[in-house]
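J.: Input: one structure, supplied below.
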Amino acid sequence: MVMSEVFWTGLYTSLIGFSIAMGAQCYKSKCSQVEFCCIKIVRDTTVEEELDIQQRPQNPIQSQNGHFKAEL
30 MVMSEVFWTG
40 LYTSLIGFSI
50 AMGAQCYKSK
60 CSQVEFCCIK
70 IVRDTTVEEE
80 LDIQQRPQNP
90 IQSQNGHFKA
100 EL
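In the working numbering, the protein residues as written are 30 to 101.
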């Protein structure tokens with residue numbers, strides 16, 4: 030059935046997209062310990078914070094609307 034294939038494809042695509050979005054949010058989160066059901070994750074966030082600081086622009090210039098722009 031075509032309708033069944035479209036449903037399952039849409040469902041799998043949505044689940045994969047949701048998983049990727051959750052992974053991105055977990056990376057942005059600076060929690061050092063997360064426990065979900067029977068899974069416990071402990072990570073060192075200081076290394077991630079140092080990498081984030083190193084990747085920021087060195088000479089930011091604040092524009093008129095309050096946002097920062099990097100100078101090349």
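Virtual Cβ for every residue (Gly too), placed ideally from N, Cα, C.
Taking the continuous beta strand (DSSP E) assigned at K69, which residues delimit it?
T.: Its beta strand (DSSP E) spans residues I68 to V71.
J.: Taking Cβ positions, are V71 and Q62 nearer each other than 8 Å?
T.: Cβ distance < 8 Å, so V71 and Q62 count as in contact.
J.: Look at the alpha carbon of Y41 and the alpha carbon of S48, and state the distance between them as a whole number of angstroms.
T.: Roughly 11 Å separates the two Cα atoms.
J.: Is it true that the CB of K59 sits closer than 8 Å to the CB of E79?
T.: Taking 8 Å as the Cβ cut-off, E79 and K59 do not qualify as a contacting pair.
J.: So the candidates are C66, I68 and K57; which of them puts its Cα closest to the Cα of D81?
T.: Checking every option, the nearest Cα to that of D81 belongs to K57.
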